[in-house]
Structure formats: structure tokens, C-alpha cells
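Only one structure is covered here, and it is reproduced in the block below.
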Ligand SMILES: Nc1ncnc2c1ncn2[C@@H]1O[C@H](COP(=O)(O)OP(=O)(O)OP(=O)(O)O)[C@@H](O)[C@H]1O
Ligand SMILES: Nc1ncnc2c1ncn2[C@@H]1O[C@H](COP(=O)(O)OP(=O)(O)OP(=O)(O)O)[C@@H](O)[C@H]1O
Ligand SMILES: [Mg+2]
Ligand SMILES: [Mg+2]
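Chains as they are written, first to last, in the numbering used here: chain A, 1 to 236; chain B, 1 to 236; chain C, 1 to 208; chain D, 1 to 208; chain E, 1 to 244.
Have a look at this one:
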């Protein structure tokens, strides 16, 4: 593991010294995943809300399908998207293959079912009186929805963190529709795959730790915000 | 996509006709992931409970670290485990590399942080009076814990479904420590990776759909159980 | 504001909870609704407030001549109050914020009136039973509703608080808010009422 | 069973909520605890029941001569009841199940006594306010506790239910259960009490 | 201006392409975006028109690819060779064999472990072809299909003390990390030729054939060939230029 430590400290030193290549790779990872998450968030929350509060035929099938989609490997999502975006595919003219927007689309597809499933569970656990109270105090449907989001904000935060973890750590779709092109679509995970393929395991782990450290920084800031806005709930 | 449909129906037909190779691959996927989930579940729930209900120094760091672990690519977890299990590594004598137990260990490591994070969020959303009521009615600490698990069972079910999705769909660790050896450690995702590498994209998607269908069967049964034991909550 | 119920029937499973042919509540009413536990008082009030659809029948809201329609129409106060997960003050502000009204004075007044002025920045989930009850009342009444449906509003209140609330409701009522009060005890509040409705055995009887 | 409090102080932030030097409650007591909203009645009861640690001081439970120690020691009934997410019957059975006791007769009796016999298989979260309250009482009293601390147990009950509960508590008390009752109203239940404690301004006074 | 160049992991991972492209940047403005994947995937991407040219090492698959009209202007760029590697103790004594066929039969008869890539790659196809010379496809107990790339298959052979067939480039790049040694080489059957092929512009009008052709031509030019010949890892030659 001494090996690992050296490589890791080299990787971090490279980061700190502003090595443009490494920062570029880190930048691709974070910008792609953050974009995907931001785009998917609101539609996913609305879908979760709809599934939680409205009974309609097919609702139950939709929930089962949703949960099952979580079991679809990221590379399969990538493959399907590849087939769509390929020159030979129906959307080939958009010229999106092997670009970051294609990676973003892939990750949107990946985090959407997770966000829906987790927000659905958050909304289901919420007290039914939240919406009733909001409505009776004059909130519009949209305002009532926002109130509900606020009341279950900790569960939603957990959903966002999990979804972000899923997409920033995924490699299948990024590799398939991004292509791991240096300076363009190479992100941390495809770089790890590359290094690993070369037998450079230590390099791979070091890159993984770089990702972990970046995520840690993000989470510590989030956690700090949370712990400074939260007191434990009691019941009398 | 006609292509896809043919391959997919061939794949399903193979499954139904009891093709031993395909069933073997499906079997590896499900037995490995189910074992990992079962082994990880109770320790993870206990850890989630501890983080939710006890204040101790380092708690906040633990939660941040946990959330960050979700962002570690599965291949990195696989790499670290590989280095441990390798002949040259500290646990080389166990001779576990490229076996199913190694895959199970990898997937335990992968689903543990997710289960802890999601159960933590479920426990935090739970009413504080659950434990108080259980205790005052004479429940032992363990009984009170079980009561709490029951009260938040829907959120926990969501956690289990998500964790199962994460590990059944992951390829990085399975590939790394399992090795994708035909008849031994080849599971659905490593088989997909193989087919994809060959350029057999359609085959890859078809295998993905087989996984989706199996997951769907599982989820529909779960959903059926759930919908037959659940009435919507009202508040007066 | 006039609330009209026509041919309301509420049924759970096989059984009718209650059947009410005709009922109305107007802004000049102050009604005490009583009846044994589980007879459907809360259900009826939620139906009147539009929070729950009856199995059959219709609920209509009609303005009365010369009425100021900006007022929040009908507010239902849960028997078991839900407080938003913020502090006391922003709970009171909630309804005003929803209609984009900023009125510090109104909020201050409501807080003072509910005896919560010294707790305005306490997290709502820390409050005692009576404090919760008073906060919920303040949060509703600050909106100056046309009709207010109070479900056991005094269940956790000490005698002083009951008296204070009675005063406040009296004042609101004088200024044109209709009141429907479900309450098992007889106290200062119920004495304020000029009508008594009895819900029992699935039927509503309007008493003197 | 004898519950002893020594030098209890409860403080939130900078302020002392209450300071109580010495207090005891024994199985032959029936105490009415009263005091204004937010004075700390619920907090005190939770401390006595061992559900909350006071800022300082100690709570001791001591058996009395010849007492049957199998009985569940001290039960606190929340002011705002929490019901488990199952049906009515299994809520009542909960405590018995925890001590691995199967006693269908006891459960049936408790259900009948609480007037919930006809609702035994209804999901608890569907119950009305009064039904919830009665279920919580039945769930606690079926355990035959040495001491029971009731936090506003009658707040949602109709007069008939109050009378029924009074009877039941009287019976329990006669058979050796100590009672501490926090209640804002004076009713049949409070009349049953032979001691009155007033918690006000951070001090507890034992009245005649 | 940019072109997309799909190539096998063996050439990319060895570092040859980075080396080559560094030089190409001096003579051309064209940006070459490298997508390194398996041979099958590379040809598939070219077939779909998602790249502009490919470089692979699977003669029969390439012939089919061109025959079906997906690619044009194949050019032999270079070759290296395959070698048999195995555990340090060489339990099957393959190093005593004269030909690769003999070596493989020794492995089979002594029932040692042999890792097959099993992934339809150029290397895998070559391996199957070699077994074919022994009569039938191998079915002894030690024969394991890894279904993975060359690097991982070598790692696996090292971990399991198995033999495997590898291209020399990957072997040289990895051998320091492996508990393996070279047991058999220099059989004419072990040659491993690389070709570049342009995507057929008739099928894919958008393909940047002009720049792709320029790049391909440069690779087979004396300048490009010279650079390939100069590329070394730890002082050893990896690829032999074959166009001149
Ligand atoms: N979804 C449901 N299915 C079956 N029964 C229900 C359902 N919802 C409510 N009930 C029943 O309807 C009855 C009326 O409840 P409601 O809360 O309206 O009574 P209430 O008159 O307010 O009683 P209380 O005085 O105790 O508050 C209760 O017995 C309750 O259990
Ligand atoms: N963690 C906390 N921090 C600050 N204040 C708190 C905290 N927990 C409770 N309090 C306050 O302590 C006071 C006592 O609460 P408690 O519930 O014991 O009152 P109570 O006497 O039962 O009142 P009620 O008659 O209204 O039920 C309340 O004012 C409450 O807001
Ligand atoms: Mg009610
Ligand atoms: Mg209280």
C-alpha cells in the first residue's frame, strides 16, 4: 500500500499544483454530473410527488418499473443511448455522440429513476397533514408542493447525495457515449478504467481517492450546513 | 431497434428453454448480490440507527464520509479488494481472488454505505415517539429497535431495493475480483461488458433487458405484497 | 361567505358514517359541534373545508353581498395540529407569505395574543402541547378567515389560554368570521356559540 | 413501587425550566398535576418515566415490600399519542408481546373497556382523535403497570369516555397502581385524585 | 479540424499512440481524438460511422469489414508478434517446445491452467486458430475463459499461475508487474499485423475522410514508420513498421 500512498500523494500534489490535465478530468466529472443532477431534479421530484399522492391506473406498475430500472447496469443505458445517438441511429444527425452533452443525457437517465424512487419514499413517509395544513392556510398547489419539499428536505438531501454518488461514480454510460477522449470527454471514472486496463492499479485507486476527496469536501460542506440548521426532533 | 428485439426475444427464449449457460450467468448475478445484501443488511441498519440516535464525537465526520463513499466508483472498490486478495497482497493466502466469495465481499463493501445512508435518513425522519412509546411499554432496546424498523419499513424497503439495484447492476468490482470466468464468476453485468467489448451491442442490451425483467419480477412481487398490506395514511 | 352542503354522504367500506341532506354555515354563525367520539365530526369539518371529498354530495362556497373576497375563505384547524419544521414566527407568517403579504405588525400581534412572543424564534417542534395548540390558532387567525373550523382547539390549553382564545374569537366573530367549533367540553368558548349542532348516529341535528 | 426524584433540575439553554429538590410517587398515590402551558409538566413526567435525562439530579425506582416485580414498572402516556402502524388489536397487544405474554382475554377485555371492540381490526392511523386516545390508554393499562403517568389523557374524549376511563383507573388504583395525571380541566378523573401538585414558575408545590 | 480514431487498447495502452500523435501535431493541425476499445467494438463503431478511421489487428474480421463495404483503403502499418507466457516454474515445460502448436499441446496434456481471453478480440481469434491446428477446440479443465482485455487476462494468469497468449506490446508493458515469464516466441504463426482502415464515405457522407486519409498516409510514410520503429519501452522494440 506504500505504492498507493505515493501515487495518491502524487495525484493530490498534481491537483494542488494545478496540473491542467488532472483538473480538466476532474472538471469534466463534476460539471457533467452536476448538470445531469440539476436537470433531472425537478422533473424527478414532481414524478415522485405524483406517484406518492395520486392514485391512477398503472401507478403500481410504474413504481415497480422504476425500482427495476435501478437494476439496469449503467453500460446498458449507455448502449441504448449510443444506439440512438450513433450516426446509424435515429438521432445521429444531432452529432452528440462522444460529447459531454451526450454524457449528461446518459447520467440524467441514470439518476432520474433513483431520484423518483427516493423522493417517492420521502413523500410517502411525510405526514399527510403537511399538504392539508398548507392548503387550508391558502397555499396554491405549487406552494403546497414547495412546503412539502421543505418539510422532507433531509430525506431529499439524502436522495440528491445518493443520486450524485451514482452518476459521478458510474463509468458504463460515460465510456459508451463519451468515448473517453482526452481533453474532451475523459472524466475520472473513464480515466480510472483506462489506467486499470493498463495494469496501473495504483494509479486507478489514486484517481478514485481524488474523487473521494472531492466528494468529501462537497459532503462536509453540506453536512456543515445541515448540522447548523437542525435540532433533533422531540415528541411530547 | 428491430435488431434489438430479435436478440432480446432470443435471449428470453434461451432463458425460458432453460439454456444452462444463460441461467448460470443469471444465477451468479442473483446469488452473489442477494448474499451480499443479506450479509450487509443488519450491520448496516444498526450502523444507521447508531448514527441517527446517538451523538458522539466524529458522528458528523462519519456521515460525511459515508455519503462520500457513495461517490467511489465500484471499480476502485474492486481494485482495493483486488490488491488485498492478490497473491502479493496481505490476504493472498485465502485464495479468494476470482471466486464468487470475493465478488460477494466486493458487493458487501458497495452496498454497505448506501444502506447505512438510506436507513439513517429513514430513522431520522421517523417520529421520536416511536422509541419512547416502545420503551415505555416495556420493549427491550433490541425490541424497540425492531419496532422502529417496522414503523419505517417502507423507507427501509426503498433502501433495500436501491442497494440491490446498485450491486446487481455494478460491473467494476465483479469484473475486478471475480474475473468474468465463464461458468465460474461470469455474471450478467460482466457478460454485458464482454459482449459490448466485442461490438455485440445488441446482445449487451438484450442481457440488460433480461436483468431488467428479472428485477421487474422481483419488484412486482414485492410491490404486490406492499400494496396488499398498506392503506394510505390520513391525519385528523 | 356561505358554505352550503347538499346531500352529503360519507361512507367507509360498507357503512355510512353520516348522511346530511342540507346544511349551511355563514359568516355570522358561531356553532358548537358536538357528538360522541368517532361519530365523524372531524371528517365533516374536513369535508366542509374542502380537504376531503365526501363519498357523495356537494359542498358549495358562495360569497355574500358586499363581502371582501381577498380573505382566505375557509380554514380548518386539525384536531392534532401539524406545525411546519421551522420556528414559531415563520409558522405564523406562513399563510401571509403564501399570499405574498408582508405584515410584521399583524404577525407580532398574533404572537403576542397567543402568548408566544417570547418564543418567536424557538423551533416549533420543541413546543409544549398547549403552546402548539396556541401557535396553530395564531397561524390560522392571523389570516382573518371568512370561516374557521376549529377541531378541539382547547384540548391542551390551560384555563388562562382558553379565556384568551375566547376573547380573540369573539373579536374575530364580531368582525365577521363564522366559527364552527368541535369541542367535547363546555367552556368559555362553547358559551360564545349561538348554535349547537349534534352529530350522533349518522345524523346531524341542529339544536336551539 | 416508589419513584424518587432528588435534586432534579431541567434546563434548556440558559434558562432553568424547573428545579425540584425532592419528590416521590408511590403506588398508592393518585396525583393531579397541573400548571400553565409550557411550564414543564410533560417534561417532568418524561423524566419520571425515564424517557428523558434531566440536566442534573437523579431518578430512582425502588420496589416496595412484597411487591410483584413482574409488572411493567412505569408507563408514560404521551400527550400526543403515537400509535403503531398496525391495527387496533395489535397495538393493544404490543406490551404483552414484548414480555412474551399471550393473553387473549386480557386484550379482549381492554378493547371492550376502551369501547374499541368493534374496531379491533381497523388500521390505527384511521382512528378519530378520541378513539386514538382510548386506544393509547388501553394499550398502557392492559400491562397492569405499577405507576402510570397520564399526560392529558382526556383531551379528546367525550363525556361518556371520560366516565368510563375514570372507572377503569379507579379499579386499577384500587388494585395498586399509582397514578399521575396531568390535566388542565377538572373532571371525573381529576376528582379521583387524592393529591394535587402545582407546577408553576419553575417550582413544584404539593397541595392538600 | 478533428478526426475520431478508434483503436485497440493494445496500441493505446502501450503509449505508442500518444508518442505518435505528439509527432503528428508538429506536421498537422488536425486533432486526432483517440477512442480506445476492443477490436470488435472499434470495428462496430466504424461500421456505424461514429469514427473516421480504425486501427485493429484481426485480419479475418477486417477482411469481412471491408468486404461488406464498411471500410476502404486498408493499409498495413506495423506488426508485432504474439508470445506465450506462463508461470515462472513453467510446469508444462513449454519453453522446450519448438513450435507454438507443440507448446499448446504440452499445456493441454499436463492439464495446466490456460487463460483464454474469450472476447472475440484479435488475440482471441489468433488463439482459437492455433488450437485449431491441434485438431479440436480445447476443453481441458484448466482452460478458463476470462472474457477480459489483455492486461486483465495477464493479471489473471499471474494470479492463477496460468499460461496465456499475449501480444508482445502488452507483455512488455506489464511484465514487471507479473509473476510470469515468456515461454515461447518467434513462431511464424505468431505474427500480429495491424491495419488502418478508413470509414467508407459512400456509407457515411459526414466522415472526415480527407483528414483521416492524411493521417493514415502519414502513418505509412517514411516519417511515420520511422517514429513507430523508434518507439521503445524499457529499451525494447514493440512494433515493427511494415509499410515500407
Ligand atoms: N379510511 C377509513 N376507513 C375506515 N374508517 C375510517 C376511515 N377514516 C376514518 N374512519 C373512521 O371514521 C370515524 C370518524 O372519524 P372522525 O375523526 O371524523 O371522528 P370524530 O367525530 O372527529 O371523533 P373524535 O371526537 O374522537 O375526534 C372513526 O371511527 C374512524 O375510525
Ligand atoms: N430542547 C428544548 N430547547 C428549548 N426549549 C425546550 C426544549 N424542549 C422543550 N422546551 C420548552 O420547555 C417548555 C416545557 O415543555 P412541556 O412540554 O414540558 O410543557 P407542559 O407543562 O407539558 O405544557 P402543556 O401544558 O402545554 O403541555 C416548553 O416551553 C418548551 O418549548
Ligand atoms: Mg375528531
Ligand atoms: Mg405537556
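Glycine included, C-beta positions come from ideal geometry on N, C-alpha and C.
Using 10 angstroms around the beta-carbon of residue 236 of chain B, count the other beta-carbons present and answer buried if the total reaches 16, otherwise exposed. As a working mapping, residue 236 of chain B is identified with position 236 in the second chain. Since pLDDT at residue 236 of chain B reaches only 46, below the 50 mark, its modelled position is unreliable, and no value is offered.
Does any residue of chain D bring its CB to less than 9 Å from the CB of residue 139 of chain B? Taking the first residue of the second chain as 1, we reach residue 139 of chain B at position 139. Chain D has a Cβ within less than 9 Å of the Cβ of residue 139 of chain B.
Alpha carbon to alpha carbon, how far is residue 58 of chain C from residue 165 of chain D? Start at 1 with the first residue of the third chain, and residue 58 of chain C comes out as number 58. Start at 1 with the first residue of the fourth chain, and residue 165 of chain D comes out as number 165. The straight-line gap from Cα to Cα measures roughly 38 Å.
Spatial neighbours of residue 243 of chain E within its chain, please: CB distance less than 7 Å, with the 5 preceding and 5 following residues excluded, ordered by chain position. As a position in the fifth chain, residue 243 of chain E is number 243, starting the count at 1. Excluding residues within five positions, the ones whose Cβ falls inside 7 Å are 75, 76, 77, 220, 225.
Could you run through the region 78-100 of chain C and flag, in chain order, every residue whose CB is less than 7 Å away from some CB of chain A? Per Cβ criterion, the list reads 78, 82, 84, 85, 94, 95, 98, 99.
Contacts of residue 185 of chain D in chain C (Cβ-Cβ under 7 Å): Stepping through the fourth chain from its first residue, residue 185 of chain D is reached at position 185. In chain order: 185.
Would the beta-carbon of residue 156 of chain D be found less than 8 Å away from any heavy atom of ligand 5? Ligand 5 is not part of this structure, which contains only ligand 1, ligand 2, ligand 3 and ligand 4.
Can you tell me which of the three DSSP states residue 27 of chain C falls into? Walking along the third chain from the start, residue 27 of chain C turns up at place 27. The DSSP-derived three-state label of residue 27 of chain C is coil.
Do you know offhand how far residue 43 of chain D's Cα is from residue 149 of chain D's? Sequence index remark: in the fourth chain, residue 43 of chain D carries index 43 (1-based). Sequence index remark: in the fourth chain, residue 149 of chain D carries index 149 (1-based). The straight-line gap from Cα to Cα measures roughly 12 Å.
Within the present structure, is the beta-carbon of residue 13 of chain D separated from the nearest heavy atom of ligand 3 by less than 8 Å? Residue mapping note: residue 13 of chain D aligns to position 13 of the fourth chain, counting from 1. Relative to the non-hydrogen atoms of ligand 3, the Cβ of residue 13 of chain D never comes closer than 8 Å to any of them.
Give the list of continuous beta strand (DSSP E) stretches no shorter than 3 residues that lie fully inside the region 70-134 of chain D. 74-77
Using 8 Å as the cut-off, classify the Cβ of residue 128 of chain B as near or not near the heavy atoms of ligand 2, replying yes or no. Translated into the one-based positions of the second chain, residue 128 of chain B becomes position 128. Not under cutoff, so the answer is no.
I need the boundaries of the beta strand (DSSP E) containing residue 210 of chain C, first residue and last residue. No answer is possible for residue 210 of chain C: it lies beyond the span of chain C, which begins at 1 and ends at 208.
Quick one: is the Cβ of residue 136 of chain D within less than 8 Å of any heavy atom of ligand 2? Numbered from 1 along the fourth chain, position 136 holds the residue referred to as residue 136 of chain D. No.
Between the alpha carbons of residue 117 of chain E and residue 124 of chain E, how many angstroms are there, rounded? Within the fifth chain, numbered from 1, the residue matching residue 117 of chain E stands at position 117. Within the fifth chain, numbered from 1, the residue matching residue 124 of chain E stands at position 124. Answer to the nearest angstrom: the Cα atoms are 6 Å apart.
When you compare the CB of residue 98 of chain A with every CB in chain E, is at least one pair closer than 9 Å? In the first chain, residue 98 of chain A corresponds to position 98, counting from 1. By this cut-off, residue 98 of chain A is an interface position.
Of the residues B:110, B:65, B:88, B:192, which one's Cα is nearest the Cα of residue 162 of chain B? To locate residue 162 of chain B, count along the second chain from 1; it is residue 162. When B:110, B:65, B:88, B:192 are compared, the shortest CA-CA separation from residue 162 of chain B is found for B:110.
Would you list, in chain order, the members of the region 135-162 of chain D that have their beta-carbon closer than 9 Å to a beta-carbon of chain C? For the region 135-162 of chain D, the set of positions with a beta-carbon nearer than 9 Å to some beta-carbon of chain C reads 151, 152, 154, 155, 156, 157, 158, 159, 160, 161, 162 in chain order.
Kindly indicate which three-state DSSP category residue 181 of chain A falls into: helix, strand or coil? Position 181 of the first chain, counted from the first residue, corresponds to residue 181 of chain A. Looking at residue 181 of chain A - three-state DSSP - the assignment turns out to be coil, as it is neither helix nor strand.
Which whole-angstrom value is the C-beta distance of residue 190 of chain A and residue 171 of chain A, which I expect to be below 8 Å? If you number the first chain from 1, residue 190 of chain A lands on position 190. If you number the first chain from 1, residue 171 of chain A lands on position 171. Sure, about 6 Å apart at Cβ, within 8 Å.
Interface positions of the region 183-196 of chain B facing chain A (Cβ-Cβ less than 9 Å), listed along the chain: Interface annotation for the region 183-196 of chain B against chain A: 188, 189, 192, 193, 196, criterion Cβ-Cβ distance under 9 Å.
Euclidean distance between Cα positions of residue 108 of chain E and residue 209 of chain E: Your numbering for residue 108 of chain E matches position 108 in the fifth chain. Your numbering for residue 209 of chain E matches position 209 in the fifth chain. In a straight line, the C-alpha of residue 108 of chain E is about 47 Å away from that of residue 209 of chain E.
Note down the Cα distance separating residue 13 of chain A from residue 42 of chain A, rounded to an integer number of angstroms. As a first step, residue 13 of chain A is located in the first chain; it is residue number 13 there, counting from the start. As a first step, residue 42 of chain A is located in the first chain; it is residue number 42 there, counting from the start. Approximately 38 Å between the Cα atoms of the pair.
Using 10 angstroms around the beta-carbon of residue 148 of chain E, count the other beta-carbons present and answer buried if the total reaches 16, otherwise exposed. Numbered from its first residue, the fifth chain carries residue 148 of chain E at position 148. With 16 or more Cβ atoms within 10 Å of its Cβ, residue 148 of chain E is classed as buried.
C-alpha distance - residue 232 of chain A paired with residue 72 of chain B, whole-angstrom precision: Taking the first chain and counting its residues from 1, one reaches residue 232 of chain A at position 232. Taking the second chain and counting its residues from 1, one reaches residue 72 of chain B at position 72. Confidence in residue 232 of chain A is poor, its pLDDT being 40 and thus under 50, which makes the residue's placement too unreliable to answer from.
If you drop the 5 nearest sequence neighbours on each side, which residues of the same chain put their C-beta closer than 7 Å to that of residue 46 of chain D? Mapped onto the fourth chain, residue 46 of chain D falls at position 46. Excluding residues within five positions, the ones whose Cβ falls inside 7 Å are 52, 76.
May I ask which residues mark the beginning and end of the beta strand (DSSP E) holding residue 196 of chain C? Counted from its first residue, the third chain places residue 196 of chain C at position 196. Where residue 196 of chain C is concerned, the enclosing beta strand (DSSP E) stretches over 195-200.
Mind listing which residues of the region 84-98 of chain A have their C-beta closer than 7 Å to chain E's C-betas, in chain order? Interface annotation for the region 84-98 of chain A against chain E: 86, 87, 88, 97, 98, criterion Cβ-Cβ distance under 7 Å.
Roughly how many angstroms separate the alpha carbons of residue 165 of chain E and residue 190 of chain E, rounded to a whole number? Against the fifth chain, residue 165 of chain E aligns to sequence position 165. Against the fifth chain, residue 190 of chain E aligns to sequence position 190. Answer to the nearest angstrom: the Cα atoms are 10 Å apart.
Starting from residue 4 of chain C, find everything on chain D with Cβ-Cβ shorter than 8 Å and list it in chain order. Here residue 4 of chain C refers to the residue found at position 4 when the third chain is read from its first residue. Ordered by position in chain D, no residue passes the 8 Å Cβ test against residue 4 of chain C, which lies about 25 Å from the chain.
Cβ-based neighbour list, residue 205 of chain B, same chain, cut-off 6 Å, excluding 5 preceding and 5 following: Here the question's residue 205 of chain B lines up with position 205 in the second chain. Here the set comprises 4.
What residues are listed by DSSP as bridge partners for residue 152 of chain D? Reading the fourth chain from its first residue, position 152 is the one you call residue 152 of chain D. DSSP, once it has assigned bridges, lists no residue as partnering residue 152 of chain D.
Should residue 113 of chain B go down as buried or exposed, given a rule of 16 or more other Cβ atoms within 10 Å for buried? Start at 1 with the first residue of the second chain, and residue 113 of chain B comes out as number 113. Buried, since its Cβ has 16 or more Cβ neighbours within 10 Å.
6 Å CB neighbourhood of residue 196 of chain B in its chain, flanking five on each side removed: By 1-based counting over the second chain, the position of residue 196 of chain B is 196. The residues are 204.
So who's on the other strand from residue 55 of chain E, going by DSSP bridges? Mapped onto the fifth chain, residue 55 of chain E falls at position 55. Answer is E:7, E:196, bridged to residue 55 of chain E.
Tell me the residue span of the beta strand (DSSP E) that contains residue 82 of chain E. Here residue 82 of chain E refers to the residue found at position 82 when the fifth chain is read from its first residue. 71-87 is the span of the beta strand (DSSP E), which, as asked, contains residue 82 of chain E.
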